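Data block below; observations after.
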Amino acid sequence: MELFELAIGSIFINNIILAQFLGICPFIGTSKKMETAVGMAMAVVFVMVMAGMITWSVDTFLLKALNVEYLRTLSFILVIASLVQFVEMFLKKSIPGLYAGLGIFLPLITTNCAVMGTCLLNIGNEYDFTSALVSAFSYALGFGLALVLFAGVRERVNLGRVPGPLQDTSIGLITAGIIALTFTSFRGMV
Amino acid sequence: MAQSLAKEFTKGLWAEIPPFRLVLGLCPTLAVTKSVENGIGMGLATTFVLVFSNLLISLLRNVIPPKVRIACYIVIIATFVTIVELVMQAYTYPLFLTLGIFIPLIVVNCIVLGRAEAFASKNTPVLAVADGLGIGIGFTLSLASLGAVREIIGAGTITIWGGNPVFAVGDWYHPFSFMVEAPGAFVALGLMLAGMNLIGKK
Numbered sequence: 007m008e009l010f011e012l013a014i015g016s017i018f019i020n021n022i023i024l025a026q027f028l029g030i031c032p033f034i035g036t037s038k039k040m041e042t043a044v045g046m047a048m049a050v051v052f053v054m055v056m057a058g059m060i061t062w063s064v065d066t067f068l069l070k071a072l073n074v075e076y077l078r079t080l081s082f083i084l085v086i087a088s089l090v091q092f093v094e095m096f097l098k099k100s101i102p103g104l105y106a107g108l109g110i111f112l113p114l115i116t117t118n119c120a121v122m123g124t125c126l127l128n129i130g131n132e133y134d135f136t137s138a139l140v141s142a143f144s145y146a147l148g149f150g151l152a153l154v155l156f157a158g159v160r161e162r163v164n165l166g167r168v169p170g171p172l173q174d175t176s177i178g179l180i181t182a183g184i185i186a187l188t189f190t191s192f193r194g195m196v
Numbered sequence: 238m239a240q241s242l243a244k245e246f247t248k249g250l251w252a253e254i255p256p257f258r259l260v261l262g263l264c265p266t267l268a269v270t271k272s273v274e275n276g277i278g279m280g281l282a283t284t285f286v287l288v289f290s291n292l293l294i295s296l297l298r299n300v301i302p303p304k305v306r307i308a309c310y311i312v313i314i315a316t317f318v319t320i321v322e323l324v325m326q327a328y329t330y331p332l333f334l335t336l337g338i339f340i341p342l343i344v345v346n347c348i349v350l351g352r353a354e355a356f357a358s359k360n361t362p363v364l365a366v367a368d369g370l371g372i373g374i375g376f377t378l379s380l381a382s383l384g385a386v387r388e389i390i391g392a393g394t395i396t397i398w399g400g401n402p403v404f405a406v407g408d409w410y411h412p413f414s415f416m417v418e419a420p421g422a423f424v425a426l427g428l429m430l431a432g433m434n435l436i437g438k439k
């Protein structure tokens, strides 16, 4: 039950983009077309769950055991960067279909702060392994949900006539603000 | 030399001011600008990392093999981020707590990696420091001004470094708390971006 609450809370109430402000760059950058948004969302779910598990293990069995917690930032970014590289090579060889789908989005994930942010939040909240896994998966789902919703709205917005200075990123951010406003209504659900 | 130095420094303050002209590093921009104080703190931490990572990358630009350059840049940046983290934990603990995970996340701030790749890896150390300092100060100014807009509209006051408010609108004003919450951050940044576009087009 606690895990269920954690999942709902992470997807809707503490949505990683709209409430925690992590991963805004890919949110703005890959949301112009529905197709790219779906690709990015899938790649993030994949990498975030794996990164969540690996960084949790690294932190517990390596950094805490050796008393070198100050190396956390450095080791996490290295883990994420090499994980992304490894996943890319693995998919290219064994699941070419998925690789073609995720393609260019995989390398972009290294600098997606949502991935690193989730790993750091897991450690900060002192979750155990299962909670860390559930939270990583639900944050990733929340990321995908917000991104796909936003892409859908943005495709419609681009059909309309937007005043010159407001075009592109500016109107995108205001739209994101309105979506964030709807997400605040989930508060109090858990 | 002095002329190009000044040019590299000042471009960060207006022509390429992040995040308005150079739309990068939006996460900390949105997350920490609830108040002017947090904005300035975040901006200065980022400036420190920018200046020193630019300097080191520029010094090592002929040593780093091009194929693994991104990984090398990330390690250099992460080192300076760790330094900032430890220094802030020791000397500015309350600010360290408010900024929370956004301090370690400077490591994935696209502005820092962007400057390393686009500028520091191709220019001399002196120019790279000028560039880092300019972009860093520009980023600090942007965060402070966005923080000011949100704090004035959202709370009606501006408070810097703990003490009494340095600016208050007055009792007649009813704070519009939407602006200091998450949705307000997106709308405020969107409108400021539009404002910058409007000025830039003239």
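Protein chains in written order, with my numbering: chain F, 7 to 196; chain A, 238 to 439.
Even glycine gets a Cβ: it sits at the ideal position worked out from N, Cα and C.
All figures in this text were calculated on a predicted structure; none of them were measured in a lab.
TODO: Could you work out which residues of chain A lie near residue 123/F, taking near to mean beta carbons separated by less than 7 Å?
DONE: 338 and 342
TODO: Report the residue ranges of all alpha helix (DSSP H) runs contained in full by the region 306-331 of chain A; include only those spanning at least 4 residues, in chain order.
DONE: 306-328
TODO: Please state if the CB of residue 17/F and the CB of residue 153/F are separated by a distance shorter than 9 Å.
DONE: It is not a contact, given that the beta carbons lie outside the stated cut-off.
TODO: Could you work out which residue in 80/F, 171/F and 29/F is closest to residue 207/F when comparing CA atoms only?
DONE: There is no way to answer for residue 207/F, as the model of chain F reaches only from 7 to 196.
TODO: Verify whether the separation of the beta carbon atoms of residue 149/F and residue 50/F is less than 9 Å.
DONE: yes
TODO: Return the Cβ separation of residue 313/A and residue 290/A in integer angstroms, given the expectation that the two are a contact with Cβ distance under 8 Å.
DONE: 5 Å
- [ ] Verify the CB distance criterion: does residue 78/F have a CB-CB separation below 9 Å to chain A?
- [x] Chain A places a beta carbon closer than 9 Å to that of residue 78/F, counting this residue as a contact.
Task: Bridge partners - residue 395/A, DSSP secondary structure assignment - done: Paired residue(s): 404/A.
- [ ] Spell out a yes or no on whether the region 374-394 of chain A and the region 327-336 of chain A are touching, meaning 3 or more CB-CB pairs, one atom from each, closer than 8 Å.
- [x] no
Task: residue 396/A versus 240/A, 272/A, 263/A and 328/A, residue with shortest Cα-Cα distance - done: 272/A
TODO: Quick one: which residues of the region 310-323 of chain A get their C-beta closer than 9 Å to a C-beta of chain F? List them in chain order.
DONE: 311, 312, 314, 315, 316, 318, 319, 322 and 323
TODO: Could you pull the start and end residues of the alpha helix (DSSP H) that residue 105/F belongs to?
DONE: 102-108
Open item on the list: Excluding the 5 residues flanking residue 423/A on each side, which residues of the same chain have their C-beta closer than 7 Å to its C-beta?
Closed with: 267
TODO: Can you check the region 87-146 of chain F for any beta strand (DSSP E) of at least 3 residues that lies completely inside it and give the ranges in chain order?
DONE: Runs of beta strand (DSSP E) with 3 or more residues, each lying fully within the region 87-146 of chain F, are absent.
TODO: At 4 residues or longer, and completely inside the region 58-86 of chain F: list those alpha helix (DSSP H) runs for me, N to C.
DONE: Qualifying alpha helix (DSSP H) stretches: none in this window.
Task: Length of the line joining the Cα atoms of residue 364/A and residue 415/A - done: Computed Cα separation, rounded: 42 Å.
TODO: Say whether the region 78-97 of chain F touches the region 112-125 of chain F, bearing in mind that this needs 3 or more beta-carbon pairs closer than 8 Å, one atom from each stretch.
DONE: yes
Open item on the list: Can you check which of these residues, 143/F, 104/F, 171/F and 77/F, is closest to residue 13/F by C-alpha distance?
Closed with: 143/F
Open item on the list: At the 9 Å Cβ level, is residue 87/F part of the contact set with chain A, yes or no?
Closed with: yes
TODO: Taking only the alpha-carbon atoms, compute the straight-line gap between residue 426/A and residue 394/A and give it to the nearest angstrom.
DONE: 19 Å
Task: Alpha carbon of residue 21/F to alpha carbon of residue 70/F, nearest angstrom - done: Rounded to the nearest whole angstrom, the CA to CA distance from residue 21/F to residue 70/F is 29 Å.
- [ ] Say whether chain F places a C-beta atom closer than 9 Å to the C-beta of residue 249/A.
- [x] Residue 249/A is outside the set of residues whose beta carbon lies under 9 Å from a beta carbon in chain F.
TODO: Pair every Cβ in the region 404-412 of chain A with every Cβ in the region 378-393 of chain A, then say whether three or more of these pairs are closer than 8 Å.
DONE: yes
Task: Cβ of residue 420/A within 9 Å of any chain F Cβ - done: yes
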